[in-house]
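Participant:
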Amino acid sequence: MGDKIIELKNISKQFPGVLANDNINLEIDKGEIHAIIGENGAGKSTLMNTLYGLFEPTSGEIYIDGNKVRFLSPLDAIKHKIGMVHQHFMLVPSFTVAENIVLGIEPRKNKLFINKDEAIKITEDLSKTYGLYVDPRQKVETISVGIQQRIEILKVLHKGADILILDEPTAVLTPQETQELFSIVRNLVDNLGKTVIIITHKLQEVLQLSDRVSVMRQGKMIGTLNTKEANEQILAEMMVGREVLFDKLERKEVPHKEILKVQNIKAKDNRGLMIIKDISLNLKSGEVLGIAGIEGNGQSELIEVLTGLRSLEDGDIIVNDVSLINSTPKEIRNASIAHVPEDRLAMGLSKDASIYENILMGSQYNEEYTKIKIQLNNKKIKKRAKDLIKKFDIRTPSEDVLIGNLSGGNMQKVVIAREFSFNTEILIIAQPTRGVDIGAIEFIHEQIIEKRNQGAAILLVSADLDEIFRLSDRILTIYEGRITGEFKQGDITKKEIGLYMTGRNKSELGGGIGEEING
Amino acid sequence: MKKLMGKQRSEYFISLFLSIFASLLIGVLIMVINGKNPIVGYSALVTGSFGSTYNIATTFAKTVPLVLTGLGTAIAFRAGIFNVGGEGQLYLGGFAAAYIGITFTKLPPMIGIPLAILAGAVAGAAYGYIPAILKVKYKVDEVITTIMLNTVAALFTGYLVNHPFATTQGKMGATEIIAEQYQFSKLIKLSTLNTSIFYMAAIALIIYYLMEKTSFGYELKMTGQNSQFARYGGINDKKQMIVAMLISGGLCGMAGVFEVLGVHYRFLQNISPGYAFDGMLIALIVKNNPIGIILMSIFFGALKTGSISMENATGIPSELVLVIQSIIILFIAGEAGFKNIYKNWRLKKSSERKVGEENA
Amino acid sequence: MKKRIIALALVAILVSATLIGCGSDSGTVSGEGTKVGLVLAGGLGDRSFYDSANEGVEEAKEKLGIDFKVYECRNDPSLYNDQMVQASQYADIVAVVGHEFGDLILEIPTEFPEVHYIYVDSEIEGIDNVTTVSYAENEGSFLAGALAAMLTTDTSIEGMNADKKIGMVGGMDIPVIRNFLVGYEAGAKYIDPDMEVIPLFAEDFEDPAKGKESATVLYDRGADIVFAVAGKTGEGVFEAAKELDRYAIGVDTDQRYINPESIVASMVKRVGKSIYEVIEIVENGDIEPGKVVYYGLSQDGVGMGYGTDDMVQYATEEMKAELEDIKTKIVSGEIEVPAGK
């Protein structure tokens, strides 16, 4: 340790309208795990993409081992032994593990045909060398996200990388998989002489894994610390630029009344496979019911079923003693269910429409916003939009701005403003803070708890366990289309819940699920 | 309205005018290469389209079918359905009107004309319903079906006018002349401009109101922009698409009606020289804005009228105008790309300047 | 969406780029002579009807010193009115070519009383400033039918079978074309009463593809010679003849030059000659108002064209002599040719 392997000097990167990196200086030592943290849009990914040769910096210089280099493409970066594992995996699902690993530098027979045996051998050797077990013959489409990430890492190592950049590597992993990843990374650095740069916004992971940490904010480098000297509070303040107050959500005692009852429902996914196998739950007013689970275990479909966007195969959904089976999304909205969808751009908004048009969705035939029933009353519509922009602190010059021009956090606030303004008895909220910066997360969490305190029944689905733990009064775990556990706030740790999320509860914890659900 | 003219709008207007300007410049280039004087050419184009009452009337006569087919395509585009079948809907609409006009010769105009218009609109709408239902129910790409149905309609009406409905004068690709009370009167001597322009104005007003002012128009727009969002918000997106296609087909059908009742007084084989395609281009250029469609239709009508005069007066082929129109489209389609190029260029300039200042 | 727009725009540009290539030179402007406007429903370059009309005004320019302009409508119905009005505004004499103008010729001339109109292929009378020209297509076609009948059974010519069948591809089933058919049939039966004539109508004067399709059907049915009476559509007939090693008869102009191997002769309808002659009469001030001018064999308005001497001649000297004999008989009235219009 101690040798500077990478030096970035005065790097700036200008995008149309945004200075994504502003005069950044950064040094990476050989053999360290260096974390780069910052909110969304702080410029971390831009900086790393510049180092990986995807962007050319507008100005500034890059030194590798003390030599000035210029990267015009990732190929140049790879030549200098820099490799990157992106947040979204770039694997070919229909190829085997071995084929994916050798992709681009395939061993060949007769210069033309891929030598599959050789590819498998290469993969096995890599596996052994780095202690990362994979089955070379398996097809990528059949394997879990955690293993896919291993393949990505192996791919980069196979290309000869000594410096690995990992972009948000834990975003899609379970707590267990995260821990496995960390030990892999530790091993690469401590025993195999690699250097790792990890981009993240999860403070606990930084503290647990890294040797040093650099904090970015709004395109600027705020500072680099030895991790030993840092704590969550210090890092959060550096990231946000002001004091951040966690855990001051005030819960009021509110009377509970059962509003939503889901009884033994079954539903199919888009491929026609039964993804919700048997789910029952109930939701009471004045509570936040959190659903914890790894993505793809039926959460998305559960929400779609509840909001009328997907048809039920079996079972019943009852709101205030009325069955909602075969109801259209419109009827369900009228039955007092609002919905913050998991993917705001795919479902929650139209990015080509203005803020006020997006806020209008669902009220376009509301008498308050129409004249003579069919004509829109733009004055009132815009007035409401203005009020909500103010109330939800949406940062925009006016309500006429197109959604596509807003930041992720502000887009999410538009969705939340709209859905919360319906004042429904039930709120179904999915991934409310995904891709949202810390300041906005705080605000959104406060709004959710305020709704709860006002007596709304809230169903919260989130892949972020911290969020589930922070907001929920009650937590259900979901695995492969079934509820695997039910817990009161404070009765369970994150680590334990991870086991329920992976379906390992029965054997490893031994407890009967039935008891816990009834308890 | 004025408030809507935000930054995006003005940027769009700038790029639209630049596109038109650039394409006219390319027109100059083509004329020069062919040894023609572009000043003479363009002045012939302008006088040909606006030089006299007759010329202006002819320009507006050409505008009528363009506005209707333009609005028709726009309303379908708004809902996210790409109706390339306006031509076929126009043919069937026109034939339906002619059928009424030659069959119910005793009806008073008060009943006959609305009946003919309605028949044309229904025929066009019904013909638009086929690709709509195929798209919504069976996910068949509407671009392919509508294009193919265009050919079917042209051949089918071609058969009708040459066989069962051929005139007694011979099988010359035309029906009989429609009864007198169906014939719209011409407004300006010698030009084909007729009272259908008033119908067109009323229809355009209704469509504008529908698209821009109503809850229905809002739902249409949201469906087109993001159908998943629309469904999530309680809009029946499939119904919206079908309704949009029915209105679209109806409008294109009416364009055919007015060609028959207003211009030719009979249905002709090849009655449309591609009005619906021009209407589609217009809708694309102005991004489905109803007012823009009217203005751009006048522009296209003027180009078409003027180009003929230009050819007659100067020998510059009228096809030059097709090139100009196409280049406008290309520029508009590439608008985002050009905007980025321009922005990057400006950024580069400003950063170079900054660097220069620092070095100084 | 965006990709689709770009694709469509590119297609549009390609299409228009090909169109601009065939833009025409429409006449010239010079001097102070009488101005003639030639209005065509289709466009120049059909090597048939419209080109023949154009030859007439070219000749008038050369011999009478007139100026002329051609107004092509390219079969766009929205231009028929405009082009006719523009021609009327420009010219002193307007020659109108195409059955498509049947409605307009009754209206527009009344608005331009000082302009004289020549309308070919029509027999309208009573409009003072309109002279219509009617051709005895039946007489010329009688000769064509006779020649076809002589050749079709001559198996010494490669590709001819012994069947007594000949064909005709008409542009549209309209009176003018019927007139061709009736004469053609009568001529064939004059040579051999057992001769069978099969007509087909392409329903288009501008589409060679339809012509080819129709001709192929006729050849399949055993007709070795097909009379192409379809303007530009006829070019498809010639193509089919060439590809299938069969024979065709051209129309309007002497079309043998297009492909002398398969076009045995042409029935020329001298539209150009008639236009030239009517222009000349109008120029001399001798025109009778509102009359029909007839062009038959006796006026040399129709006849046979055998191409030039360097072409292979399928029609032997004897055949030509016999046709000449028939012609004399028709002119003298000895043979009465039925009419189809």
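Residue numbers (my numbering), protein chains in the order written: chain R, 1 to 519; chain A, 520 to 879; chain S, 880 to 1220.
Each residue gets a CB set at the ideal place from its N, CA and C atoms; glycine is no exception.
If you're wondering where the values come from, they're calculated on a predicted model, not measured in any experiment.
(1) May I have the straight-line CA-CA distance separating valine 436 of chain R from valine 586 of chain A, to the nearest angstrom?
(2) Express the C-alpha separation of glycine 1110 of chain S and phenylalanine 1084 of chain S in angstroms, rounding to a whole number.
(3) Count Cβ pairs between the segment 408-419 of chain R and the segment 376-395 of chain R that sit closer than 8 angstroms; are there 3 or more?
(4) Take alanine 1088 of chain S and list the residues in its own chain whose beta-carbon comes closer than 7 angstroms to its own, dropping the five residues that flank it on each side.
(5) If contacts are defined as beta-carbon pairs under 8 angstroms, then valine 671 of chain A and glycine 607 of chain A qualify, I think. What distance do you get, rounded to the angstrom?
(6) Under a CB-based cut-off of 9 angstroms, is phenylalanine 947 of chain S close to chain A?
(7) If we define contact as Cβ-Cβ less than 9 angstroms, is serine 350 of chain R a contact residue for chain A?
(8) Rounded to a whole number of angstroms, what is the C-alpha to C-alpha distance between methionine 691 of chain A and alanine 852 of chain A?
(9) Shorter than 9 angstroms from the beta carbon of phenylalanine 748 of chain A to some beta carbon of chain R?
(10) Tell me the DSSP bridge mates of methionine 1074 of chain S?
(11) Provide the residue(s) that pair with phenylalanine 487 of chain R in DSSP beta bridges, ordered along the chain.
(12) So with Cβ pairs under 9 angstroms, would you call glycine 408 of chain R a contact of chain A?
(13) Whole angstroms are fine: how far does the CA of isoleucine 458 of chain R sit from the CA of isoleucine 428 of chain R?
(14) In whole angstroms, what is the alpha-carbon distance linking leucine 668 of chain A and glycine 604 of chain A?
(15) How many Å lie between lysine 708 of chain A and tyrosine 573 of chain A at the Cα?
(16) Could you confirm whether any beta carbon from chain A is found closer than 9 angstroms to the beta carbon of tyrosine 950 of chain S?
(17) On the DSSP letters alone, give me the boundaries of the alpha helix (DSSP H) that lysine 413 of chain R sits inside.
(18) For the putative contact between leucine 712 of chain A and alanine 580 of chain A, defined by C-beta atoms under 8 angstroms, what is the C-beta separation to the nearest angstrom?
(19) Take every Cβ of the segment 1133-1144 of chain S, pair it with every Cβ of the segment 982-994 of chain S, and state whether three or more of those distances are shorter than 8 angstroms.
(20) Does the CB of methionine 741 of chain A have a neighbour CB from chain R at under 9 angstroms?
(21) Alpha carbon to alpha carbon, how far is isoleucine 37 of chain R from leucine 26 of chain R? Give it in angstroms, no decimals.
(22) Name, please, each residue of chain A whose Cβ falls closer than 7 angstroms to the Cβ of leucine 376 of chain R.
(23) Indicate whether at least one CB of chain R lies closer than 9 angstroms to the CB of asparagine 745 of chain A.
(24) Alpha carbon to alpha carbon, what distance is there between isoleucine 697 of chain A and threonine 624 of chain A?
(25) Check this for me: beta carbons of glycine 544 of chain R and asparagine 21 of chain R, under 9 angstroms apart or not?
(26) Using the beta-carbon of each residue, which ones in chain A are nearer than 7 angstroms to phenylalanine 980 of chain S?
(27) Would a check of beta-carbon distances place leucine 988 of chain S closer than 9 angstroms to chain A?
(28) Taking C-beta to C-beta, are glycine 1062 of chain S and proline 1217 of chain S nearer than 9 angstroms?
(29) I want to see whether chain S comes within less than 9 angstroms of alanine 879 of chain A, judged by CB atoms only; does it?
(30) Please name the residue in R:Gly41, R:Thr477, R:Arg186 and R:Thr46 whose C-alpha comes closest to that of proline 297 of chain R.
(31) Name the chain S residues whose beta carbon is nearer than 8 angstroms to that of glycine 677 of chain A?
(32) On a CA-only basis, which of S:Phe947, S:Tyr1185 and S:Tyr929 is nearest threonine 1112 of chain S? Give me that one, please.
(33) Would you say asparagine 808 of chain A reaches chain R, if we count a Cβ-Cβ gap shorter than 9 angstroms as a contact?
(34) Taking all protein chains shown into account, do 16 or more other C-beta atoms lie within 10 angstroms of the C-beta of leucine 535 of chain A, making it buried, or fewer, making it exposed?
(35) Mind the definition here: the segment 544-561 of chain A touches the segment 801-813 of chain A only if three or more C-beta pairs lie below 8 angstroms; say whether that holds.
(36) By DSSP, does histidine 339 of chain R sit in helix, in strand, or in coil?
Facilitator: Here's the rundown:
(1) 45 angstroms
(2) 5 angstroms
(3) yes
(4) Gly1115
(5) 7 angstroms
(6) no
(7) yes
(8) 41 angstroms
(9) yes
(10) Bridge partners of methionine 1074 of chain S: none, in fact.
(11) R:Ile475
(12) no
(13) 6 angstroms
(14) 7 angstroms
(15) 7 angstroms
(16) yes
(17) 408-421
(18) 4 angstroms
(19) no
(20) yes
(21) 13 angstroms
(22) Lys732, Thr733, Ser734 and Tyr737
(23) yes
(24) 8 angstroms
(25) Absent from the model: residue 544 of chain R. The displayed extent of chain R is 1 to 519, so no value can be given.
(26) Within chain A, no residue comes near phenylalanine 980 of chain S; the closest Cβ sits about 11 angstroms away, beyond 7 angstroms.
(27) What sits at residue 988 of chain S in the sequence shown is proline, not leucine. Not closer than 9 angstroms to any Cβ of chain A, the Cβ of proline 988 of chain S fails to qualify, so no.
(28) yes
(29) Below a pLDDT of 50, predicted positions are generally treated as unreliable, and alanine 879 of chain A, at 42, falls in that range; the measurement from the model is reported next regardless. Output row for alanine 879 of chain A: interface = no.
(30) The sequence given here places asparagine at residue 297 of chain R; proline does not occur at that position. It is R:Thr477.
(31) Glu1082
(32) S:Tyr929
(33) no
(34) buried
(35) no
(36) strand
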